[in-house]
Amino acid sequence: MEQESRIFDIIFLFFDYFHLLYTPNICYSRMAERNTKTKIRDYYVAEVHSHNLLRRSAVRMSGYQLAFCLSGHITMKVSDQEIRYEQGSFAIFSPFNTLEVSDASEDFRCTLVMFQKSFLTETLNNIYFLERFQLLRNKGIGYVQLTAEEHELIWGLIHRIKRIIGEDAHAFQKEIIRSEIIIFLYEIENILLSRDNGQTANAKHIGKEKRLADFQQLLVKHFYKERKVTFYANALNTSIAQLSKLLTDTTGRTAKEHIDELRLMQAKHLLKAGKYNVSEVASLLYYDNIEEFSRFFKKKTGTSPLRYAKEK
Numbered sequence: 001m002e003q004e005s006r007i008f009d010i011i012f013l014f015f016d017y018f019h020l021l022y023t024p025n026i027c028y029s030r031m032a033e034r035n036t037k038t039k040i041r042d043y044y045v046a047e048v049h050s051h052n053l054l055r056r057s058a059v060r061m062s063g064y065q066l067a068f069c070l071s072g073h074i075t076m077k078v079s080d081q082e083i084r085y086e087q088g089s090f091a092i093f094s095p096f097n098t099l100e101v102s103d104a105s106e107d108f109r110c111t112l113v114m115f116q117k118s119f120l121t122e123t124l125n126n127i128y129f130l131e132r133f134q135l136l137r138n139k140g141i142g143y144v145q146l147t148a149e150e151h152e153l154i155w156g157l158i159h160r161i162k163r164i165i166g167e168d169a170h171a172f173q174k175e176i177i178r179s180e181i182i183i184f185l186y187e188i189e190n191i192l193l194s195r196d197n198g199q200t201a202n203a204k205h206i207g208k209e210k211r212l213a214d215f216q217q218l219l220v221k222h223f224y225k226e227r228k229v230t231f232y233a234n235a236l237n238t239s240i241a242q243l244s245k246l247l248t249d250t251t252g253r254t255a256k257e258h259i260d261e262l263r264l265m266q267a268k269h270l271l272k273a274g275k276y277n278v279s280e281v282a283s284l285l286y287y288d289n290i291e292e293f294s295r296f297f298k299k300k301t302g303t304s305p306l307r308y309a310k311e312k
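When you line the sequence shown up against UniProt numbering, it's residues 1 to 312, in that order.
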């Protein structure tokens with residue numbers, strides 16, 4: 001079940017998370033409860049146990065999930081690839097993944113750190129800096145077996161994030177959590193690069209991967225002005241149908257969803273920057289009028305651009 005990017009709103013957070021993992025007797029971790037109580041919509045940390053897993057139901061999340069297996073084992077289909085996770089294993093699931101639990105041991109336990117990409121970029125001057133992380137590209141990283149040292153590092157990072165989430169009265173809670181998640185991403189990226197001596201980061205794209213990379217580069221260059229899928233298909237010398245199939249096969253998302261995601265990220269960044277009013281943001285993103293932009297923004301986030309800009 002696909003959800004709008006606003007799933008991290010209190011109601012949608014529960015709705016998506018229920019469909020991903022839980023039966024109706026869901027019991028959130030203490031930290032996840034604190035997240036919803038404080039109306040934090042862009043991230044949360046949750047504990048998963050075998051008794052609450054919903055099996056045999058393929059779903060897709062709208063945010064990113066960093067999953068850390070603490071004990072036991074679980075078998076899942078990740079975008080139709082069956083993977084068995086055991087204690088000390090780690091995975092990064094993206095919005096492009098479909099997830100389906102096949103089996104889990106009685107002692108299975110996992111911690112999930114979840115966040116929206118736009119949460120990490122809304123206060124940055126460069127919304128594209130996350131593209132440097134291979135773990136946030138396309139379908140994430142399906143499986144990593146951690147060493148004892150890496151296990152300790154990751155668990156320490158998760159505890160730091162959970163500790164800050166619990167400090168409801170902290171004046172800069174969101175800013176610190178944003179920084180901690182980015183540090184988390186850098187540490188995971190370093191682990192991945194150390195496994196292949198940097199070969200993954202420097203690998204040349206071939207076949208579908210090359211066509212996907214060409215589309216992404218084109219999108220980053222033209223998303224401000226070009227919203228039509230036709231433009232990107234023509235620029236890549238392919239048909240709309242072929243481009244759509246390529247993106248659906250490789251990322252699980254359509255061309256329009258890719259375009260909308262990047263435009264929404266930039267809109268959020270501009271609104272939070274405090275330099276532009278809603279009308280100016282609409283103009284910067286080449287909308288014909290403020291009403292058209294407002295409809296797009298509210299459809300994707302559940303709130304108006306003006307209200308979003310005023311939120312702390």
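Where is the CB? At the ideal position from N, CA and C, for every residue including glycine. Note that the structure is predicted; figures quoted are calculated from it, not measured.
Same chain only: Cβ atoms within 6 Å of E100, ignoring 5 sequence neighbours per side: These residues qualify, in order along the chain: A58 and K77.
Please classify Y143: does DSSP put it in a helix, a strand, or coil? In the structure shown, Y143 sits in a strand (DSSP, three-state: E or B).
How many Å lie between I182 and F172 at the Cα? Rounded to whole angstroms, I182 to F172 spans 16 Å at the Cα level.
On a CA-only basis, which of N190, I191, S179 and E257 is nearest Q216? Give me that one, please. Comparing Cα positions, the closest option is E257.
Tell me which residues share the same chain as Q81 and place their Cβ nearer than 8 Å to its Cβ, disregarding the 5 neighbours each side in the sequence. Within the same chain, Q81 has close Cβ partners G142.
Quick one, are the C-beta atoms of Q134 and S89 less than 7 Å apart? Remark: C-beta atoms of Q134 and S89 do not approach each other more closely than 7 Å.
Under 7 Å between the Cβ atoms of K221 and V45? Not a contact, by the Cβ cut-off of 7 Å.
Strictly by DSSP, which residues pair up with S89? Q145, per the DSSP bridge assignment.
Return the chain-ordered list of same chain residues with a C-beta closer than 6 Å to the C-beta of D260, the five sequence neighbours on each side being excluded. Cβ neighbours of D260 beyond the five flanking positions: none.
Is it the case that the Cβ atoms of E304 and I290 are separated by a distance below 7 Å? First, the residue type needs correcting, since residue 304 is Ser and not Glu in the sequence shown. With a cutoff of 7 Å on beta-carbon distance, S304 and I290 are scored as not near each other.
F96 and Y64 look like a contact to me (Cβ under 8 Å); what is the Cβ gap, rounded to whole Å? The distance from the Cβ of F96 to that of Y64 is about 10 Å, inconsistent with a contact at the 8 Å cut-off.
I'd like the span of the beta strand (DSSP E) that includes V59, first residue to last. For V59, there is no enclosing beta strand (DSSP E), as DSSP gives it neither H nor E.
Any heavy atom of the ligand HEM inside 6 Å of the beta-carbon of L157? The ligand HEM is absent from the structure shown, which contains no ligand whatsoever.
For the alpha helix (DSSP H) containing Q242, name the first residue and the last one. Where Q242 is concerned, the enclosing alpha helix (DSSP H) stretches over I240 to T251.
How is the alpha helix (DSSP H) around R307 delimited, first residue to last? It spans P305 to K310 - the alpha helix (DSSP H) in which R307 sits, taken as one unbroken run.
Where DSSP assigns a beta bridge to K77, which residues make up the other side? Beta-bridge partners assigned by DSSP to K77: E82 and E100.
Among T121, I92 and E106, which residue has its Cα nearest to the Cα of G140? Minimum Cα distance to G140 is reached at I92.
Does DSSP put H269 in a helix, a strand or coil? Correct three-state label for H269: helix.
With 16 other CB atoms within 10 Å as the buried threshold, where does K232 fall? Checking the sequence, you will find Tyr at residue 232 rather than Lys. Answer is buried; the Cβ neighbour count reaches 16.
What residues in its chain sit with their C-beta under 8 Å from that of residue 317, if we drop five residues either side in the sequence? Residue 317 lies beyond the residue range present for the chain, which begins at 1 and ends at 312; the question has no answer from this structure.
Would you grab the beta carbon distance between Y43 and I191 for me? Rounded to a whole angstrom, and I think it's under 8 Å. Your pair Y43 and I191 does not check out as a contact, with CB atoms roughly 21 Å apart and the cut at 8 Å.
Taking the CB atoms as reference points, tell me whether I74 and F108 lie closer together than 7 Å. Cβ distance < 7 Å, so I74 and F108 count as in contact.
Applying the 10 Å Cβ sphere with the 16-neighbour rule, what's the burial state of K228? Label assigned to K228: exposed.
How would you call H49, buried or exposed, if buried means at least 16 neighbouring beta carbons within 10 angstroms? Buried: at least 16 other Cβ atoms inside 10 Å.
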